[in-house]
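Everything below concerns the one structure shown next.
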Amino acid sequence: MKNKRRWVTGSILACAVTIGLGFAGSHPVKAATDDASIMPDLSNKQVLVGYWHSWKSTGNDGYKQGTSADIALKDVNSAYNVIPVAFMKGDGVNRIPTFKPTGLTDAQFRSQVAELNRQGRAVLLALGGADGHVQLQTGDEQAFANEIIRQVETYGFDGLDIDLEQTAITAGNNKTVIPAALKIVKDHYASQGKNFLITMAPEFPYLKPGGAYETYITSLNGYYDYIAPQLYNQGGDGVWVDETNQWIAQNNDTLKKEFLYYMADSFIHGTRGFLQIPANKLVLGLPANNDAAATGYVINPQNVYDALNNLKAAGTPLKGLMTWSANWDVGKDKNGVLYNNGFANAYGPFLGTK
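If you use mature numbering (1 follows the signal peptide of the UniProt record, and there is no 0), the sequence shown corresponds to residues -31 to -1, 1 to 323, in order.
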């Protein structure tokens, strides 16, 4: 990522007019009217969410020494109807996080977003990541909102995904500034008849009363569209289930169906020590394969089918599934064996997204 922002002057955004909230960044931005300006309506649809890497694979970058694939944004498997682009973060110079595509002009990147939007698929901008530096201060609310709007008008993003991890969750005044800025942005696009998506992908241990993500969830209640807890990379953490009198750990492959069911049930009802997330806004996050995460990969998809079917039978069908990542889904293991869209093929037809 470059250290200094390069503002758009190409033909798509050549005419400088205000965006309604004033200036986005240091220059006004023209709202384009191509397909990238569409914000797909996912309110009554199930979702299969696949993150897309905005960087080049380094090779042997997996937890099992496999290699993630380099794919164009427009070539993400059609089963994924929500594609968060990783990542928006600090650039080392400016406090306000930003994003710049690698190896593409702004117009080229926007055209790929437009192609996905034409297919009814949403492209989000993911904020943070495992090593993303984000540390906003009180007073940054409008500046951050303006930068998000600039990103939307420049590239055609359909929403923002809060993917803060580790110290970034509570750094500075992030917990108050980020929700306030997102409310400004959502209201701005609502005034245009559009639904700017607000989503989150917290590691599940943070989703407890008093946990690091509680403020984000409570502050954005009524604004967020879904929350996708990461049910991976947490080793033996899990949930105590009184009904079966047992601890069910995230890394217990034998009880995977039970883990998925009871974690979802705990979020839906706000029980077993977890915060409440309505079923129609709950998306379960799983790794695409064993290279995508240290633990949490579901070896047998039937465990997912059974857990989600049981939740549906209980009157609490989920919004969908999320994976890290679309790139890993088409990667290969250390022996060169292709993963061959295993996640998309297993769950796209099940959710009806493919």
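Where a beta carbon is used, it is the ideal one built from N, C-alpha and C, also for glycine.
Classify residue 287 as helix, strand or coil using the three-state DSSP reduction. coil
Which ranges does the beta strand (DSSP E) cover as unbroken runs of at least 3 residues, wholly within the stretch 12 to 94, from first to last along the chain? 16 to 19, 51 to 57
With distances taken between CB atoms, is the gap from residue 129 to residue 196 smaller than 8 Å? no
Given residue 7 as reference, the closest of 27, 75, 80, 67 once Cα atoms are compared: 80
C-beta contact flag for residue 256 and residue 201 at 8 Å: yes
Report, in whole angstroms, the separation of the C-beta atoms of residue 303 and residue 33, which I expect to be a contact under 8 Å. 6 Å
Residue 168 in three-state terms, based on DSSP: strand
Let me check one thing: in DSSP terms, what residues is residue 230 bridge-paired to? Partner(s): none; residue 230 has no beta bridge.
If we ignore side chains and look at the alpha-carbon of each, how far apart do residue 111 and residue 188 end up? 17 Å
For residue 195, the residue or residues it bridges with in DSSP: 168
For residue 111, report the span of its beta strand (DSSP E) as first-last. Where residue 111 is concerned, there is no enclosing beta strand (DSSP E), although the alpha helix (DSSP H) it sits in stretches over 110 to 124.
Nearest neighbour of residue 133, chosen from 153, 267, 168, 149 [CA to CA]: 168
Endpoints, the beta strand (DSSP E) within which residue 218 is located: 215 to 218
Using alpha carbons as the reference points, say which of 265, 312, 248 lies closest to residue 20. 312
Cα separation between residue 204 and residue 175? 14 Å
Taking one C-beta from the stretch 207 to 219 and one from the stretch 268 to 286 each time, how about it: are there three or more such pairs within less than 8 Å? no
Nearest by alpha-carbon distance to residue 17: which of 173, 37, 67, 52 is it? 52
Which value, in whole angstroms, describes the spacing of the CA atoms of residue 152 and residue 192? 7 Å
Among 314, 264, 309, 248, which residue has its Cα nearest to the Cα of residue 13? 248
Please state the DSSP three-state secondary structure of residue 270. helix
Does DSSP put residue 251 in a helix, in a strand, or in coil? strand
My guess is that residue 39 and residue 26 are in contact by the Cβ rule of under 8 Å, so how many angstroms apart are they, rounded? 5 Å
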